[in-house]
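Participant: This is the structure I want to talk about, given as structure tokens.
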Amino acid sequence: LYKNDGIDYLTRRPDEILTEVKLPAPEGWRSSYWKLRRRGAFDFPVLGVAAAVRTARDGTVEDARIALGAVSSRPFLTKGGELLIGKKLSDDAIAEAGAKVASAAKPMDNTDLDLYWRKAVAAEFVGYALREIRGDDMSATRVRIARHAL
538 LYKNDGIDYL
548 TRRPDEILTE
558 VKLPAPEGWR
568 SSYWKLRRRG
578 AFDFPVLGVA
588 AAVRTARDGT
598 VEDARIALGA
608 VSSRPFLTKG
618 GELLIGKKLS
628 DDAIAEAGAK
638 VASAAKPMDN
648 TDLDLYWRKA
658 VAAEFVGYAL
668 REIRGDDMSA
678 TRVRIARHAL
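Using this note's numbering, the letters of the sequence shown correspond one by one to residues 538 to 687.
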């Protein structure tokens, strides 16, 4: 559907219409999405982090995926989730995955926010998503981000 061109980014032709999107059954999966935006109201993201984790009964990660949006010409899946497989969602494992994901971010100069800051804050947002999946109460952090009290 998308191609690596910021101006002409859709591969869909004018005579085509998307009629269906199939998502895998979420058995055993937990997911979270975090968005950094310029304004507190509805706005396009300047950073988006989507994470999904499937764990065993003992909390060991069996599979994990972490995607970034708004820091490239299109959303993309990172290799950060692979670092979590076989581990529990400890603070150290989360920090390691966050650093790996942030290293893959290549923000474009399409907003007034600093490119390097957006790249660095990606690790923090990965941490927010993974801690929420782990079961931590992240509601205060969500409110703080919505109010731009970073």
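Idealized CB from N, CA, C, for every residue including glycine.
Where does Y539 fall in DSSP's three states?
Facilitator: Note: Y539 maps to strand in three-state DSSP.
Participant: So, is L614 buried or exposed, given that buried needs 16 or more other C-beta atoms within 10 angstroms?
Facilitator: Exposed is the call here.
Participant: Do W566 and F662 have their CB atoms nearer than 8 Å?
Facilitator: In this structure, F662 does not lie closer than 8 Å to W566 by Cβ.
Participant: Please go through the same chain and pick out, in chain order, the residues whose beta-carbon is closer than 8 Å to the beta-carbon of D646, but skip the five residues on each side of it.
Facilitator: L652.
Participant: Measure the alpha-carbon distance for V598 versus V608 and round it to whole angstroms.
Facilitator: Their backbone Cα atoms lie some 26 Å apart in a straight line.
Participant: Give me the Cα-Cα distance between A639 and V586, rounded to the nearest whole angstrom.
Facilitator: Each residue's alpha carbon lies about 10 Å from the other.
Participant: State the beta-bridge partners of S676 as determined by DSSP.
Facilitator: DSSP, once it has assigned bridges, lists no residue as partnering S676.
Participant: May I ask you to verify whether the segment 551–564 touches the segment 614–631, counting CB pairs closer than 8 Å and requiring at least 3?
Facilitator: Segments in contact, no.
Participant: In this structure, what does DSSP give as the bridge partners for T592?
Facilitator: Paired residue(s): V598.
Participant: Would you grab the beta carbon distance between A688 and S568 for me? Rounded to a whole angstrom, and I think it's under 8 Å.
Facilitator: Absent from the structure is residue 688, since the part of the chain shown begins at 538 and ends at 687.
Participant: Return the CA-CA distance between L547 and K643, expressed in angstroms with no decimal places.
Facilitator: If I take the Cα positions, the gap works out to 20 Å.
Participant: Could you give the first and the last residue of the continuous beta strand (DSSP E) run that contains Y570?
Facilitator: That run of the beta strand (DSSP E) goes W566 to R574.
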